[in-house]
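Let me begin by presenting the structure, written as structure tokens, before commenting on it.
Numbering (the numbering used here), first residue to last: 1 to 192.
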């Protein structure tokens with residue numbers, strides 16, 4: 001702590017975060033054997049409290065790069081806009097291109113396998129693309145997406161959510177039935 005006396009708060013935070021990120025090493029342990037130590041040159045410690053905060057600071061300017069509405073949660077990003085004509089489709093494609101420029105500048109790639117398009121309320125013939133390394137891929141158009149545990153459909157009805165909840169409940173009931181040959185009503189409520 002003696003070294004920190006006389007430093008301003010910003011300098012102290014910079015030093016502290018630097019100590020957290022720099023000079024880290026790791027090795028693998030399998031069945032009592034260890035690999036050699038290697039330097040960790042990127043990323044943050046998994047399961048740390050500071051890691052998600054640093055990630056949020058890192059991606060904080062992402063919304064400045066697009067004109068469409070944007071929603072971010074952890075490492076999940078969604079952009080959307082109201083589409084009335086093909087000109088607005090072009091603006092949405094430009095925003096996708098801007099996201100890829102941001103990605104190149106900050107060396108944080110989007111996983112294009114998880115990028116897709118959902119149309120709600122219009123049927124304009126639209127095609128959206130994203131560069132994937134050396135290729136440009138056409139994004140898949142989907143009708144259902146599981147988002148933070150909730151199923152969202154292109155027609156915005158809760159049908160799929162209800163179907164999935166019922167399917168999960170049936171699975172739990174099947175497990176209980178296989179494990180307990182005889183069960184009284186009171187115990188069933190506790191187990192379920």
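By construction, the Cβ of each residue, glycine as well, lies at the ideal position given by its N, Cα and C atoms.
What do you reckon, are the CB atoms on residue i and residue j nearer than 9 Å?
| i | j | result |
| --- | --- | --- |
| residue 79 | residue 112 | no |
| residue 27 | residue 36 | yes |
| residue 120 | residue 99 | no |
| residue 147 | residue 102 | no |
| residue 156 | residue 128 | no |
| residue 67 | residue 122 | no |
| residue 176 | residue 191 | yes |
| residue 56 | residue 17 | no |
To the nearest angstrom, how far is it from the Cα of residue i to the Cα of residue j?
| i | j | result |
| --- | --- | --- |
| residue 21 | residue 71 | 28 Å |
| residue 126 | residue 104 | 25 Å |
| residue 39 | residue 54 | 20 Å |
| residue 15 | residue 41 | 17 Å |
| residue 180 | residue 173 | 11 Å |
| residue 19 | residue 34 | 25 Å |
| residue 90 | residue 81 | 11 Å |
| residue 75 | residue 46 | 14 Å |
| residue 87 | residue 65 | 19 Å |
| residue 187 | residue 11 | 59 Å |
| residue 178 | residue 31 | 35 Å |
| residue 73 | residue 140 | 22 Å |
Which residues in the same chain have their Cβ closer than 6 Å to the Cβ of residue i, if we skip the five residues on either side of it in sequence?
| i | result |
| --- | --- |
| residue 142 | 116 and 118 |
| residue 160 | 144, 151 and 153 |
| residue 185 | none |
Consider the Cβ of residue i: report whether some Cβ of chain C lies at a distance smaller than 9 Å.
| i | result |
| --- | --- |
| residue 108 | Absent from the structure is chain C; it holds one protein chain and no more. |
Using a Cβ-Cβ cutoff of less than 8 Å, which residues in the same chain neighbour residue i once the five nearest sequence positions on both sides are dropped?
| i | result |
| --- | --- |
| residue 58 | 106 and 108 |
DSSP puts residue i in a beta bridge; with which residues?
| i | result |
| --- | --- |
| residue 221 | Residue 221 is absent from the structure shown; the chain starts at 1 and stops at 192. |
| residue 97 | None, per the DSSP bridge assignment. |
| residue 29 | 34 |
| residue 57 | Paired residue(s): none; residue 57 is not in a bridge. |
| residue 186 | Per DSSP, none; premise fails for residue 186. |
| residue 151 | 146 |
| residue 138 | 129 |
CB-CB under 7 Å to residue i, same chain, minus the five flanking residues each way: which ones, in chain order?
| i | result |
| --- | --- |
| residue 96 | 128 and 130 |
| residue 132 | 112 |
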